């Protein structure tokens, strides 16, 4: 297994939709016995022959910490091959799967109800909360021994609280958990700040949040300009400085990305995917997709199924 590569993942297999797993009832609450859950990777991975196929958790957030061994992670259509120590953050509904090095991999999986992540103790720290919830993240820890030590200590304390039934168990578990999440959020925030440092970073982050909320509505560029109280020139400068692309390109890229996800991870007809993404005409959707991706939706799906 290579030590550090990233490429498009060929999953899932032909004709298969993405699996949806749930540990919680339809309306979880803080009294549920699995409001949070923690287990070691070896115990879980051995049940699946060390290969956990691509799936998603609609209302759950996961942290997958690999302290030792190699792992191939499939995260939202991308493949990452790493060696521990490393950590993966998985917001709700992000497709993911893992292939762990057999009988060698050590680490833990922490699963949390989405309700827990909405607690104001975490959500009011908007920078940290946004970094953790925006998308799946890969955190390499080899060159960050202090962060690794903090995570190791935090997980050991979480395990002690999880496995014991002392008074105040839930409250102390949550405090320990939030401390670790804040530490991870800081790590991610510092990493992204280094990558996108500059005058336009804040404006671009605000735009990204708006696009995520409205991209299916096919709103004109002026909507985003007005919402951010700026000018078309100013907003496009921020986009170019941060990504090298125009606002129009970012809007179309987001639609194209979601279209690819739906073609890969569902068996829905192309016409239904077109309507789900806000296109009134499936034929126009097919032309849009070919222009952005370089092939038709049907051929794209066929190639991915044969990969």
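Residue numbers (the working numbering): 1303 to 1609.
For every residue, glycine included, the Cβ atom is placed at its ideal position computed from N, Cα and C.
Keep in mind that this is a model prediction, so the values were computed, not measured.
Helix, strand or coil at residue 1361 according to DSSP, with G and I counted as helix = As a first step, residue 1361 is located in the chain shown; it is residue number 59 there, counting from the start. If DSSP states are grouped into helix, strand and coil, residue 1361 belongs with coil.
Kindly list the residues whose CB is nearer than 8 Å to the CB of residue 1602, restricted to its own chain and excluding five residues on each side of it in sequence; keep chain order.
-> The residue you call residue 1602 lines up with position 300 of the chain shown. So the list reads 1562, 1565, 1591, 1595, once near-sequence residues are dropped.
Considering only residues of the segment 1459-1544, which uninterrupted alpha helix (DSSP H) runs meet the minimum length of 4 residues and lie entirely inside it, listed in chain order?
-> 1471-1497, 1503-1516, 1523-1529, all fully within the segment 1459-1544.
Identity of the residues DSSP links to residue 1353 by a beta bridge | Numbered from its first residue, the chain shown carries residue 1353 at position 51. According to DSSP, residue 1353 bridges with 1401.
Quick one: measure Cβ to Cβ for residue 1544 and residue 1517, integer angstroms, because I've assumed they're closer than 8 Å.
-> Walking along the chain shown from the start, residue 1544 turns up at place 242. Walking along the chain shown from the start, residue 1517 turns up at place 215. Not quite, the Cβ-Cβ distance comes to about 17 Å (not below 8 Å), so this is no contact.
Just to confirm, are residue 1456 and residue 1482 a CB contact at a threshold of 8 Å?
-> Translated into the one-based positions of the chain shown, residue 1456 becomes position 154. Translated into the one-based positions of the chain shown, residue 1482 becomes position 180. Yes. Within cutoff.
When we look at the beta-carbon of residue 1329 and count the other beta-carbons within 10 Å, is it buried (16 or more) or exposed?
-> Locating residue 1329 in the chain shown gives position 27, counting from the first residue. Since pLDDT at residue 1329 reaches only 40, below the 50 mark, its modelled position is unreliable, and the value read off the structure follows with that caveat. Residue 1329 comes out exposed.
So does the segment 1568-1584 actually touch the segment 1525-1545, counting three or more Cβ pairs closer than 8 Å?
-> No, because fewer than three Cβ pairs between the segment 1568-1584 and the segment 1525-1545 fall closer than 8 Å, the two stretches do not touch.
Mind checking who residue 1550 pairs with in its DSSP beta bridge?
-> The residue given as residue 1550 occupies position 248 in the chain shown. DSSP lists no partner for residue 1550.
Please report how far the alpha carbon of residue 1473 lies from the alpha carbon of residue 1464, in whole angstroms.
-> Walking along the chain shown from the start, residue 1473 turns up at place 171. Walking along the chain shown from the start, residue 1464 turns up at place 162. Each residue's alpha carbon lies about 11 Å from the other.
Give me the Cα-Cα distance between residue 1368 and residue 1554, rounded to the nearest whole angstrom.
-> Against the chain shown, residue 1368 aligns to sequence position 66. Against the chain shown, residue 1554 aligns to sequence position 252. Rounded to the nearest angstrom, the two C-alpha atoms are 36 Å apart.
Could you check the C-alpha separation between residue 1416 and residue 1363 for me, to the nearest Å?
-> Position 114 of the chain shown, counted from the first residue, corresponds to residue 1416. Position 61 of the chain shown, counted from the first residue, corresponds to residue 1363. Those two C-alpha atoms are separated by around 6 Å.
In three-state terms, what does DSSP make of residue 1589?
-> Within the chain shown, residue 1589 is the residue found at index 287, counting from 1. Helix, per DSSP.
Three CB pairs or more closer than 8 Å across the segment 1370-1390 and the segment 1406-1413 | yes
In whole angstroms, what separates the C-alpha of residue 1605 from that of residue 1351?
-> Position 303 of the chain shown, counted from the first residue, corresponds to residue 1605. Position 49 of the chain shown, counted from the first residue, corresponds to residue 1351. Using only the alpha carbons, I get a separation of about 27 Å.
Count the other C-beta atoms from every protein chain shown that fall within 10 angstroms of the C-beta of residue 1515, then say buried if there are 16 or more, exposed otherwise.
-> For the purposes of this step, residue 1515 is taken as the residue at position 213 of the chain shown. So residue 1515 counts as exposed.
Would you call residue 1469 buried or exposed, if buried means 16 or more other Cβ atoms sit within 10 Å of its Cβ?
-> Walking along the chain shown from the start, residue 1469 turns up at place 167. Exposed, because fewer than 16 other Cβ atoms sit within 10 Å of the Cβ of residue 1469.
C-alpha distance - residue 1344 paired with residue 1448, whole-angstrom precision | The count along the chain shown starts at 1 and reaches residue 1344 at position 42. The count along the chain shown starts at 1 and reaches residue 1448 at position 146. Those two C-alpha atoms are separated by around 25 Å.
Residue 1437 versus residue 1528: straight-line alpha-carbon distance, rounded | Along the chain shown, one-based indexing puts residue 1437 at 135. Along the chain shown, one-based indexing puts residue 1528 at 226. Rounded to whole angstroms, residue 1437 to residue 1528 spans 26 Å at the Cα level.
Using the beta-carbon count (16 or more within 10 Å), is residue 1359 buried or exposed?
-> Start at 1 with the first residue of the chain shown, and residue 1359 comes out as number 57. It is buried - the Cβ of residue 1359 has at least 16 other Cβ atoms within 10 Å.
Where residue 1572 and residue 1580 are concerned, what is the direct C-alpha to C-alpha distance, given to the nearest angstrom?
-> Along the chain shown, one-based indexing puts residue 1572 at 270. Along the chain shown, one-based indexing puts residue 1580 at 278. Distance between the alpha carbons of residue 1572 and residue 1580 is about 13 Å.
Between which two residues does the beta strand (DSSP E) containing residue 1603 stretch?
-> The residue given as residue 1603 occupies position 301 in the chain shown. Premise fails: residue 1603 lies in the alpha helix (DSSP H), 1599-1608, not in any beta strand (DSSP E).
List the whole-angstrom C-beta distance separating residue 1400 from residue 1373, where the pair is believed to meet the contact cut-off of C-beta under 8 Å.
-> By 1-based counting over the chain shown, the position of residue 1400 is 98. By 1-based counting over the chain shown, the position of residue 1373 is 71. At roughly 6 Å, the Cβ-Cβ gap stays under 8 Å, so residue 1400 and residue 1373 are in contact.
From the DSSP output, in three-state form, read off residue 1442 for me.
-> In the chain shown, residue 1442 corresponds to position 140, counting from 1. In the structure shown, the three-state DSSP call for residue 1442 is strand.
Residue 1530 to residue 1549, Cα distance in whole Å?
-> Taking the first residue of the chain shown as 1, we reach residue 1530 at position 228. Taking the first residue of the chain shown as 1, we reach residue 1549 at position 247. Approximately 13 Å between the Cα atoms of the pair.
Where residue 1570 falls: helix, strand or coil (DSSP) | The residue you call residue 1570 lines up with position 268 of the chain shown. Residue 1570 falls in the coil class under three-state DSSP.
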